[in-house]
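First residue of the sequence shown? That's 10 in this note's numbering, and the numbers climb one at a time after it. For every residue, glycine included, the Cβ atom is placed at its ideal position computed from N, Cα and C. Please read these numbers as outputs of a predicted model, since none were measured by experiment. Comments concern the structure below.
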Amino acid sequence: MFLKRPYILLLLALVFASTVSVTLLIVRTFYSGQLLYGFLVWNLLLAWLPFLFATVVIMFPVKHYVTFFFGLLWLLFFPNAPYIVTDLLHLRPRGDVPL
10 MFLKRPYILL LLALVFASTV SVTLLIVRTF YSGQLLYGFL VWNLLLAWLP FLFATVVIMF
70 PVKHYVTFFF GLLWLLFFPN APYIVTDLLH LRPRGDVPL
């Protein structure tokens, strides 16, 4: 029922990276007065969902109905996870506001 140490460390690293990313977006929004990259937060949330579904399956491996249900959810949301990488193509300097 508990997660192993490497998995917890990975989870903490991803939470830290996501928090830094959202914080930088908030700072950029206040600095520029424009929410140009707000879609990144939504895409980040969609990228987190498959990870969270897989975590539930790891925590409850014996319950077949849980594995099946969250496995289907993982399959449904997984295509959104790599999509966050393509969002980097939209990043470019705009006027007086740096990336």
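DSSP places TYR40 in the helix class (H, G or I) of the three-state scheme.
Between the alpha carbons of LEU61 and LEU98 lies a distance of about 26 Å.
Here the C-alpha atom of VAL75 lies approximately 29 Å from the C-alpha atom of ALA26. The C-alpha of LEU81 is placed about 10 Å away from the C-alpha of ALA63.
In the structure shown, the three-state DSSP call for GLY47 is coil. Assignment of VAL65 by DSSP, reduced to helix, strand and coil, places it in the helix class. The C-beta distance from ILE17 to ALA56 rounds to 19 Å, too long to fall under 8 Å, and the pair is not in contact. In chain order, PRO59 place their CB closer than 8 Å to the CB of PHE87, counting only its own chain and leaving out the 5 sequence neighbours on each side.
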